[in-house]
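K.L.:
One line per chain: the protein sequences are S and W, in this order.
Here the first sequence is numbered in our numbering, starting from 46 and rising by one per residue.
Here the second sequence is numbered in our numbering, starting from 46 and rising by one per residue.
Take this structure first; my questions come after.
2 protein chains.
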Amino acid sequence: MASLLIRNGTVLTNNSRKEIFAADVLVKNGRIAAFQAGAEADHADQEIDAAGSFILPGLIQVHVHLNQTLFRGLADDMNVVDWLRKRIWPLEQAHNYESAYASARLSIAEMIRSGVTTALTLETTRHTEAAFDAAMEMGFRAFIGNAIMDRWETGTEMVGEDTAASLERSAVLSTGYHGAGNGRIHYSYCPRGTRNATDEMWQELGRLAREQGKLIHTHAAENREQTDRLAEYGGTEVEYLNRMGVLGDNLVVAHGIWLSEAERGLLAESGTSVAHCPSANLKLASGFAAVPEMLAQGVNVAIGSDGAPCNNNLDIFNEMRLAALIHKPRCGPESMTALQVFEMATRNASKALGIEDQVGSIEVGKRADIVIVRRNALHGSPTQGSDPYGQIVYALQAHDVDTVIVDGTILLRDGQFTQWDHLEIVSQAQAARAQLLDRVENFE
Amino acid sequence: MASLLIRNGTVLTNNSRKEIFAADVLVKNGRIAAFQAGAEADHADQEIDAAGSFILPGLIQVHVHLNQTLFRGLADDMNVVDWLRKRIWPLEQAHNYESAYASARLSIAEMIRSGVTTALTLETTRHTEAAFDAAMEMGFRAFIGNAIMDRWETGTEMVGEDTAASLERSAVLSTGYHGAGNGRIHYSYCPRGTRNATDEMWQELGRLAREQGKLIHTHAAENREQTDRLAEYGGTEVEYLNRMGVLGDNLVVAHGIWLSEAERGLLAESGTSVAHCPSANLKLASGFAAVPEMLAQGVNVAIGSDGAPCNNNLDIFNEMRLAALIHKPRCGPESMTALQVFEMATRNASKALGIEDQVGSIEVGKRADIVIVRRNALHGSPTQGSDPYGQIVYALQAHDVDTVIVDGTILLRDGQFTQWDHLEIVSQAQAARAQLLDRVENFE
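Structural data, given as structure tokens:
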């Protein structure tokens with residue numbers, strides 16, 4: 046594998062001392078091999094000039110639905126019940142392999158364009174091989190799983206599936222993809238929510254995930270109405286997950302809005318991670334997750350865009366900016382600092398995924414998941430005396446991402462994809478959406 | 046003046062019937078001259094192909110501080126008292142003509158880049174001619190005023206000024222610039238806040254503004270602490286403004302967060318406009334303005350970025366997205382629709398500025414302030430069946446702005462400025478910031 050030297054940039058290492066320094070970064074065999082002074086730098090097969098730019102660890106999203114990106118803009122300003130029943134369920138059911146594949150490609154390209162090198166995603170019950178294929182082909186680092194839904198509410202039978210059949214789907218996907226792409230591709234178990242899987246399923250998934258060293262990725266405490274209908278569980282959603290034996294450092298729970306202090310304590314103690322999804326929580330009017338309080342209690346909180354129908358972007362710069370801003374009216378202007386938010390999008394996320402020894406910082410020996418961000422846009426200027434984390438979180442935008450490297454391979458350079466044409470991805474998605482809208486039933 | 050034909054786009058007219066149609070738009074003598082079908086279109090001196098793009102009325106910001114853009118990133122995650130006393134006052138005092146000019150150019154370029162064609166701005170007590178010069182030279186439409194501060198709190202004497210001297214500054218600027226640039230440049234009276242001008246000054250400004258047909262632009266009800274210290278006024282800030290006789294359709298009040306229902310009623314009845322500044326209100330932890338409630342009561346609400354130190358961008362796409370999102374948890378997912386927010390950034394803003402007969406929609410006879418926005422970015426795709434307003438407010442970004450036309454003159458084309466170099470503006474701002482940081486006193 047070719048060596049690569051990234052010259053003249055300012056490295057935000059995000060190491061434990063949060064060092065920031067000027068250095069050339071040498072990448073060899075997909076890993077960060079050394080920091081060097083400009084004059085002494087080794088020759089490399091390829092060089093990138095990062096003068097005037099920040100060099101960051103790859104950014105990470107921990108709650109995305111790749112298949113929903115094809116539905117972008119089809120469900121704005123709607124109440125949650127209609128949003129799910131009239132739009133998301135029918136649209137997800139209308140997917141075939143081709144549409145799920147087009148949606149995954151579009152999603153992954155959009156994330157890479159905004160500096161995201163890794164994502165944890167939750168798909169539909171069917172056609173999840175399309176998401177794996179897209180992530181593998183595109184050189185992305187991804188934790189993907191089929192939605193597991195062997196329990197369902199009246200009126201949503203169409204999305205339900207048999208327990209044994211569901212476990213079989215998981216086994217096939219796991220066997221087919223887990224560990225593929227030089228270890229970049231991971232299978233994760235994705236029971237869709239506490240109410241979407243049977244007790245037996247939850248217990249079985251807990252056992253399988255522990256045995257196999259895999260993640261469980263689910264939704265919990267997203268909206269108050271769910272949280273208020275707790276009697277059927279004999280406790281809160283988090284207490285239910287605890288009783289099922291699945292809380293732990295291999296569980297990532299999306300949203301975590303309607304949690305008591307005690308529940309947050311359970312998450313912290315067990316090492317469970319929370320995916321904070323500010324755009325989605327606002328757009329669906331779900332509420333404000335108590336993120337500053339969770340961080341103070343020791344909960345590991347990371348960031349996700351959620352699905353395009355409730356965002357409508359997969360742009361992690363949007364999510365970082367919102368995560369820094371929306372809690373301040375409640376907790377004060379000094380809460381949710383830019384550095385805390387940057388940590389959520391890097392180190393906390395790598396911890397949530399159990400790969401903090403591999404990514405999340407720029408340190409010698411780690412995988413070369415690296416992002417170069419230009420600082421010379423009008424909206425980022427001037428820079429003298431600015432806090433680099435503040436600049437990233439509050440001022441810079443996805444479009445300022447110049448270069449994205451995953452596992453040592455350059456996927457974006459000068460803001461352009463190196464291995465595919467963005468307009469081809471767009472046309473493929475346009476065509477797939479047209480066909481999907483022809484197939485969809487019960488869409489109002 | 047050359048004629049211009051914008052072909053093949055989708056026109057979001059924003060007329061009273063909210064018509065959206067495919068048409069070629071003919072611009073002559075700085076005005077929208079006709080809508081034509083492609084085949085019948087007249088020849089024009091210049092043509093722009095807008096195939097696959099939206100054609101929008103120019104977007105409008107109604108609360109900006111051009112001079113503060115030079116301080117971007119110097120005041121993140123700070124409490125409001127320190128933010129003002131340790132940063133904003135000392136930095137503003139350190140301005141000279143050159144730094145204020147560099148800051149205004151950077152601000153205006155950044156706004157144009159995000160599709161903004163008009164802004165209402167509030168500057169410092171001194172060097173406001175720099176902001177006028179920049180706006181005039183750049184062909185921007187602007188309502189600008191020097192901060193009027195003939196009353197001040199203990200500890201901020203440095204920013205205060207004598208009543209007569211202040212009125213004289215206003216008169217000189219008004220005489221020098223009001224009506225300049227083919228009528229694009231307007232002088233506005235800018236008492237900085239209710240507590241920053243004497244009763245005599247408020248009354249005099251009310252009289253002058255009415256006589257001269259000018260706007261008054263101020264801050265009110267931004268933070269709870271101000272609102273709680275009301276005794277000294279014998280009423281709330283809005284009641285004070287009412288008593289001073291300045292409420293009316295020529296008054297624009299920034300923020301309007303801590304208002305009672307009765308005060309909102311006073312604003313509605315008097316025709317006073319509110320500049321909603323969501324990024325700034327969140328970043329300074331000021332609170333959530335009751336925008337859905339104001340709109341329901343008939344208050345004319347528009348949008349502003351406020352200053353870069355509390356944002357840190359002047360990107361109206363950021364502000365539209367936030368305005369649509371942040372009120373939903375309180376008022377529901379169906380509140381603050383994309384169309385309502387788009388109206389805030391166009392028609393409501395033109396009404397706030399008293400120029401709704403000239404701009405704010407694409408209609409024959411209006412000034413040609415036009416923005417062309419590409420829809421083919423990854424983050425905007427796919428598009429079939431999407432609501433155009435939803436796409437603009439939730440999905441598209443400043444970088445998708447392709448072309449900006451003010452008064453019939455093309456200022457941005459293919460995302461590039463036609464009349465200046467963005468890197469030259471950035472270097473000028475970098476140099477001016479370095480010199481300003483050398484001059485600044487009492488900066489901690």
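No residue lacks a Cβ here, since even glycine has one placed at the ideal position from N, Cα and C.
Could you check what DSSP says for VAL344 (chain S) in three-state terms: helix, strand or coil?
P.N.:
Coil, per DSSP.
K.L.:
Is there a Cβ of chain W sitting closer than 9 Å to that of PHE185 (chain S), yes or no?
P.N.:
no
K.L.:
Could you tell me which chain S residues have their CB closer than 7 Å to the CB of VAL161 (chain W), listed as they occur along the chain?
P.N.:
Under the 7 Å cutoff, chain S gives no residues; its nearest Cβ is about 12 Å from VAL161 (chain W).
K.L.:
For the beta strand (DSSP E) holding PHE99 (chain W), just list the boundary residues, first then last.
P.N.:
Unbroken beta strand (DSSP E) run through PHE99 (chain W): 98-102.
K.L.:
Give a yes or no on whether 9 Å exceeds the smallest Cβ distance from LEU359 (chain S) to chain W.
P.N.:
yes
K.L.:
Check whether the Cβ of GLU338 (chain S) lies closer than 9 Å to any Cβ atom in chain W.
P.N.:
no
K.L.:
Pull up the distance between the alpha-carbon of GLY316 (chain W) and that of VAL336 (chain W), whole angstroms please.
P.N.:
15 Å
K.L.:
Among S:ILE133, S:SER148, S:LEU49 and S:LEU129, whose alpha-carbon lies nearest the alpha-carbon of SER472 (chain S)?
P.N.:
S:SER148
K.L.:
Only counting the same chain, and skipping five residues up and downstream in sequence, which positions put a Cβ closer than 7 Å to that of ASP402 (chain S)?
P.N.:
none
K.L.:
In chain S, which residues lie less than 7 Å from ARG158 (chain W) when you measure between Cβ atoms?
P.N.:
By Cβ distance, chain S contributes LEU423.
K.L.:
Using a cut-off of 7 Å between C-beta atoms, extract the partners of ALA440 (chain W) located in chain S.
P.N.:
ARG117, GLY118, ASN357 and ASN358
K.L.:
What number of angstroms, rounded off, separates the C-alpha of GLY226 (chain W) from the C-alpha of GLY453 (chain W)?
P.N.:
13 Å
K.L.:
Can you pull out the residues from the region 450-475 of chain S whose beta carbon lies closer than 8 Å to at least one beta carbon of chain W?
P.N.:
HIS467, LEU468, ILE470, VAL471, ALA474 and GLN475
K.L.:
Quick check: what's the CA-CA separation for GLN475 (chain W) versus VAL438 (chain S)?
P.N.:
20 Å
K.L.:
Opposite THR166 (chain S) in the DSSP bridges: which residues?
P.N.:
S:VAL109 and S:ILE189
K.L.:
In terms of DSSP beta bridges, what is GLY238 (chain S) paired with?
P.N.:
S:HIS264
K.L.:
Starting from the beta carbon of VAL36 (chain W), find every residue of chain S whose beta carbon is closer than 7 Å, and list them in chain order.
P.N.:
Because residue 36 (chain W) is not part of the residues shown, which for chain W are 46 to 489, the question remains open.
K.L.:
Indicate whether at least one CB of chain W lies closer than 9 Å to the CB of PHE80 (chain S).
P.N.:
no
K.L.:
Can a CB atom of chain S be found closer than 9 Å to the CB of ASP414 (chain W)?
P.N.:
no
K.L.:
Let me make sure I understand the geometry here. Which of S:THR58, S:ASN356, S:THR463 and S:ARG375 has the alpha-carbon closest to that of LEU367 (chain W)?
P.N.:
S:ASN356
K.L.:
Could you name the residues of chain S that MET246 (chain W) contacts, counting a contact when the two beta carbons are closer than 7 Å?
P.N.:
Within 7 Å Cβ-Cβ: nothing; MET246 (chain W) doesn't reach chain S, min ~30 Å.
K.L.:
Any C-beta of chain S within less than 7 Å: which residues of the region 363-382 of chain W qualify?
P.N.:
Correct list: LEU370, ILE371, LYS373, PRO374, GLY377, PRO378, GLU379 and THR382.
K.L.:
Quick check on the DSSP output: the beta strand (DSSP E) that includes LYS73 (chain W) runs from which residue to which?
P.N.:
Boundaries of the beta strand (DSSP E) harbouring LYS73 (chain W): 65-73, taken from the DSSP string.
K.L.:
For HIS444 (chain S), does the three-state DSSP call read helix, strand or coil?
P.N.:
helix
K.L.:
What are the boundary residues of the alpha helix (DSSP H) that includes ARG252 (chain W)?
P.N.:
Residue range 244-257 is occupied by the alpha helix (DSSP H) that includes ARG252 (chain W).
K.L.:
Determine contact between the region 129-140 of chain W and the region 370-383 of chain W, defined as no fewer than three beta-carbon pairs at a distance below 8 Å.
P.N.:
no
K.L.:
Which of helix, strand or coil does DSSP assign to ASP178 (chain S)?
P.N.:
helix
K.L.:
Quick check on ASN124 (chain W) - is its C-beta less than 9 Å from some C-beta in chain C?
P.N.:
Reference to chain C is not applicable here, since the protein chains of this structure are S and W.
K.L.:
I'd like to check one pair, GLY349 (chain W) with HIS172 (chain W): are the Cβ atoms closer than 9 Å?
P.N.:
no
K.L.:
What does the Cβ neighbour count give for ASN74 (chain W), buried or exposed, with the cut at 16 atoms within 10 Å?
P.N.:
exposed
K.L.:
Over the uninterrupted beta strand (DSSP E) stretch that includes GLU282 (chain S), give me the two end residues.
P.N.:
Per DSSP, GLU282 (chain S) lies in no beta strand (DSSP E) segment; the continuous alpha helix (DSSP H) that holds it begins and ends at 282-288.
K.L.:
Give the DSSP-derived three-state secondary structure of ILE157 (chain S) in the structure shown.
P.N.:
helix
K.L.:
So the beta strand (DSSP E) VAL418 (chain W) belongs to, where does it begin and stop?
P.N.:
415-419
K.L.:
Evaluate the contact criterion for the region 392-407 of chain S versus the region 58-65 of chain S: three or more CB pairs, one atom per stretch, below 8 Å.
P.N.:
yes
K.L.:
Does DSSP put ASN525 (chain W) in a helix, in a strand, or in coil?
P.N.:
Nothing can be reported for residue 525 (chain W), as the shown portion of chain W is limited to 46 through 489.
K.L.:
Would you mind reading off the limits of the alpha helix (DSSP H) that contains SER472 (chain S)?
P.N.:
467-484
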